[in-house]
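> For reference, each letter of the sequence shown is one residue, going 3 to 419 in our numbering. Cβ atoms here follow ideal geometry from the backbone N, Cα and C, with glycine treated the same way. Shown below is the structure under consideration.
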Amino acid sequence: MVQVAVVGSGVAALMAVRTMCTSIKETGQPIKVTWFTARRKMGATQSALSKSPTVKLKAGDPYFDYGCQYMSPVSELFERELERWKELGLASDQFDVSVLDTQKTGDNTANTGMNKLSTAGWVGNGGMGPMLEALTFQTRDEFADCGLEHVSGYPEVQQQVVSIHRDENKKKWLLNTEKKTRQFGPYDYVIGGFSHPKRTDPFLKDGGEATKPMMNFLQGVKYNQFFALQVVLEKGLEDESIKSLSACHVLNHDVLSFVADNSRKPHQKKYTPKKNSSVTNKNKKPHITLISTAQFAKKNQKCNRKIIQDKMLGSFGNLILKKSLKSLRTEFQPKIHRLNYWQDGRCVNTIDGDKGCLFDSSVNLGWCGDFCVDPSVDGAAQSGVSVAKFCLEKIEYSMLNGATKNDDQERFTKSKW
C-alpha cells in the first residue's frame with residue numbers, strides 16, 4: 003500500500019485530495035491518502051456578532067469574508083468544480099461585481115460610476131470559511147470507502163502537523179505535531195498545499211537536506227499586503243448607493259482597491275451539504291468589507307489604527323456614497339468591527355512554466371498552490387489537480403517498473419520564478 007500525505011486546508015489541497023481519491027476509486031490502486039488540515043486562510047470568515055476570529059460562525063449569522071471575497075472561473079476544470087459546489091448547495095453565482103475607475107470618474111463620485119461586469123461572482127453560502135469546511139467534510143465522507151483519512155488540526159490543535167522530517171534509511175516521510183508530541187507516518191509521498199515562507203519554512207526546516215531545495219524555492223513566493231476593514235452600517239439602509247452595492251473593484255485609487263457588502267451574499271440554513279440551502283440574509287444592516295491597496299498598506303503598516311480606519315472609511319464615503327467622512331458618520335453611523343493587516347494578501351509572482359506544480363522526485367515531495375499557475379482560486383484548483391496527477395503517474399510507473407523515472411527530477415529543478 004502506497005501512503006500519501008496531503009497537507010493543506012485550501013482549494014489546492016482539496017483538489018489534490020479529490021483528484022487522487024477519484025483515481026483510486028476508479029482504478030482500485032493500492033494507495034491510501036491522509037489529509038491534514040488546519041485553519042483555512044482562503045476561506046477566512048468571521049461572525050459579525052463577535053470580534054474574536056476564533057468564535058464559531060453559526061448558520062444565519064451576519065458575517066464578514068475578509069480573505070477571498072469572491073471567485074471567478076477561468077478554466078473549464080474549475081468551472082465544473084464550482085458547479086459541483088453549487089449542486090451541493092454550498093456556493094452561488096449571483097454576486098454582482100462592478101469596477102470603478104477613479105481616473106475616469108474622479109475621486110468624489112457616487113456609485114453611478116461603477117460598471118457592472120457581465121458575469122457575476124461566485125461566493126460561498128454563509129461565507130467562504132463554512133463553504134470550505136463543508137467541502138472538506140463532504141470530500142472526507144465521499145471517499146471514506148477509498149481509505150481517505152482526514153486529520154483535522156483545527157480546532158483540534160493537538161493534531162495539527164507543524165514539521166516534517168525524513169527517515170533516510172527507510173526513505174519515508176514523518177509528520178510531527180508541536181514539540182513532536184505526536185508523529186504521523188510513515189509516508190511514501192507528501193504533497194504540501196500552502197505557500198507563505200512564514201508557514202513553509204517552519205514546516206520544512208527540520209527535514210534537512212531532503213527538504214532544503216523545496217524550502218529554498220518556496221522562499222521565492224512574493225506577496226503584497228493589505229488592510230481589510232470590517233464595518234457595519236447602522237443607518238442609511240435605504241440609500242440608493244448602498245442598495246445597489248454588492249462588490250466593486252476600485253482602480254487607480256491611493257487607499258481602496260475593493261469594496262464588498264457581505265450582507266448581499268447568501269447565507270445557509272445548515273452547514274451540512276443540502277440542495278437549496280442558501281437563504282436571504284434577514285439582517286438588513288450592510289456588513290462592509292473594505293480592502294486597501296498594497297501601497298497604502300505598505301506605507302501605513304506602522305501607522306495609528308484610527309488614522310488607517312478614518313482614511314479607508316473616508317475613501318468609502320467619497321467613492322461610493324458621495325459623502326464626507328463627517329456626513330457618513332452622521333447619516334450611516336458606521337460601527338468598526340475589526341481591522342486586519344494581511345502580510346500575505348495575494349501572491350504577485352508565479353512559476354515560469356506550464357507544469358502547474360512543484361515536485362522533487364528525488365525525495366517524493368510535491369507542492370501546489372495558486373503561485374504555480376495564477377494568483378486566484380482557479381489557479382489553486384488547477385495546481386492541486388496537476389500535482390495529484392503527477393504524483394499518480396509516478397506511483398503507477400513505480401508499480402510497473404519497480405523504480406522511478408530518471409527524468410522526473412526535471413519537474414522540480416527546471417522550475418524558476
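1. Output the distance between the C-alpha atoms of SER259 and THR121, rounded to the nearest integer angstrom.
2. Just to confirm my understanding: we take MET3, look at its own chain, exclude 5 residues before and 5 after, and list those with CB closer than 6 Å. What are they?
3. Quick check: the region 322 to 340 against the region 348 to 358, are there 3 or more CB pairs under 8 Å?
4. My parser needs the beta strand (DSSP E) runs of 3 or more residues fully inside the region 54 to 81; what are they?
5. Suppose only complete runs of 3+ residues qualify. What are the beta strand (DSSP E) ranges in the region 6 to 36, listed by chain order?
6. Decide if GLU83 is buried, meaning its Cβ has at least 16 other Cβ atoms within 10 Å, or exposed.
7. Considering only DSSP beta bridges, list what ASP103 is partnered with.
8. Would you mind stating whether PHE205 and TYR343 have Cβ atoms separated by less than 8 Å?
9. Is ASN171 buried or exposed, if buried means 16 or more other CB atoms sit within 10 Å of its CB?
10. Can you give the beta carbon distance from VAL257 to MET314, rounded, assuming they're within the 8 Å contact cut?
11. Can you check which of these residues, ILE322, GLY319, GLN384, ASP263, is closest to ASP67 by C-alpha distance?
12. Please determine if the region 6 to 19 and the region 380 to 393 are in contact, where contact requires at least 3 C-beta pairs separated by less than 8 Å.
13. Mind checking MET116: buried by the 16 CB within 10 Å criterion, or exposed?
14. Just mark LYS284 as buried or exposed, buried being the case when its beta carbon has 16 or more other beta carbons within 10 Å.
15. Three-state secondary structure (DSSP) at VAL350?
16. Within the region 112 to 140, note down every full beta strand (DSSP E) run reaching 3 residues or more, in order along the chain.
17. Based on the DSSP secondary-structure assignment, which residues constitute the bridge partners of PRO336?
18. Only counting runs of 3 or more residues, tell me where the beta strand (DSSP E) segments fall wholly within the region 174 to 223, in order along the chain.
19. I need the straight-line Cα distance from GLN160 to PHE80, nearest angstrom please.
20. State the beta-bridge partners of SER165 as determined by DSSP.
21. Considering only DSSP beta bridges, list what TYR225 is partnered with.
22. When the Cα atoms are used, what is the spatial distance from PRO75 to GLU151?
23. According to DSSP, simplified to helix, strand and coil, what is VAL261?
24. Taking only three categories from DSSP, how would you classify ASP109?
25. If you draw a straight line from the alpha carbon of LYS182 to that of THR202, how long is it in whole angstroms?
26. Please determine if the region 207 to 223 and the region 356 to 363 are in contact, where contact requires at least 3 C-beta pairs separated by less than 8 Å.
27. Would you mind giving the Cβ-Cβ distance between TRP175 and LEU137, rounded to the nearest angstrom? I have them listed as a contact below 8 Å.
Once the coordinates are examined:
1. The residue given as residue 259 occupies position 257 in the sequence shown. The residue given as residue 121 occupies position 119 in the sequence shown. Their backbone Cα atoms lie some 20 Å apart in a straight line.
2. Working through the sequence shown from its first residue, we reach residue 3 at position 1. Around MET3: PRO32, LYS34.
3. no
4. Counting only runs of 3+ residues, the beta strand (DSSP E) found wholly inside the region 54 to 81 occupies 65 to 67, in chain order.
5. none
6. For the purposes of this step, residue 83 is identified with residue 81 of the sequence shown, where counting begins at 1. Buried: at least 16 other Cβ atoms inside 10 Å.
7. Taking the first residue of the sequence shown as 1, we reach residue 103 at position 101. Its beta-bridge partners are LEU253.
8. By one-based count along the sequence shown, residue 205 stands at place 203. By one-based count along the sequence shown, residue 343 stands at place 341. Not a contact, by the Cβ cut-off of 8 Å.
9. Residue mapping note: residue 171 aligns to position 169 of the sequence shown, counting from 1. Exposed, by the Cβ-count rule.
10. Within the sequence shown, residue 257 is the residue found at index 255, counting from 1. Within the sequence shown, residue 314 is the residue found at index 312, counting from 1. Confirmed, Cβ separation roughly 6 Å.
11. In the sequence shown, the residue the question calls residue 67 occupies position 65. Looking at the Cα atoms, ASP263 is the closest of the given residues.
12. yes
13. Along the sequence shown, read from residue 1 onward, the residue named residue 116 stands at position 114. Buried, since its Cβ has 16 or more Cβ neighbours within 10 Å.
14. By 1-based counting over the sequence shown, the position of residue 284 is 282. Low confidence applies to LYS284: its pLDDT is 48, below 50, so where it sits in the model is not reliable enough to give any reading.
15. Position 348 of the sequence shown, counted from the first residue, corresponds to residue 350. Three-state result, VAL350: coil.
16. 123 to 126
17. What you label residue 336 is simply residue 334 of the sequence shown in a count that begins at 1. Paired residues: LEU235.
18. 174 to 179, 185 to 189, 191 to 194
19. If you number the sequence shown from 1, residue 160 lands on position 158. If you number the sequence shown from 1, residue 80 lands on position 78. Straight-line Cα distance between these residues: approximately 33 Å.
20. The count along the sequence shown starts at 1 and reaches residue 165 at position 163. SER165 pairs with ASN178.
21. Numbered from 1 along the sequence shown, position 223 holds the residue referred to as residue 225. For TYR225, which the question treats as bridged, DSSP gives the partners CYS349.
22. Within the sequence shown, numbered from 1, the residue matching residue 75 stands at position 73. Within the sequence shown, numbered from 1, the residue matching residue 151 stands at position 149. If I take the Cα positions, the gap works out to 29 Å.
23. Within the sequence shown, residue 261 is the residue found at index 259, counting from 1. Reduced to three states, the DSSP call for VAL261 is strand.
24. Looking up residue 109 in the sequence shown gives position 107. Residue placement at ASP109 is poorly supported in this model, since its pLDDT is 48, which falls under 50; the coordinates still yield a value, given next. It is coil, neither helix nor strand.
25. Position 180 of the sequence shown, counted from the start, is the residue given in the question as residue 182. Position 200 of the sequence shown, counted from the start, is the residue given in the question as residue 202. Answer to the nearest angstrom: the Cα atoms are 17 Å apart.
26. yes
27. In the sequence shown, counting from the first residue as 1, residue 175 sits at position 173. In the sequence shown, counting from the first residue as 1, residue 137 sits at position 135. Actually they are not in contact, since the Cβ atoms of TRP175 and LEU137 sit about 26 Å apart, beyond 8 Å.
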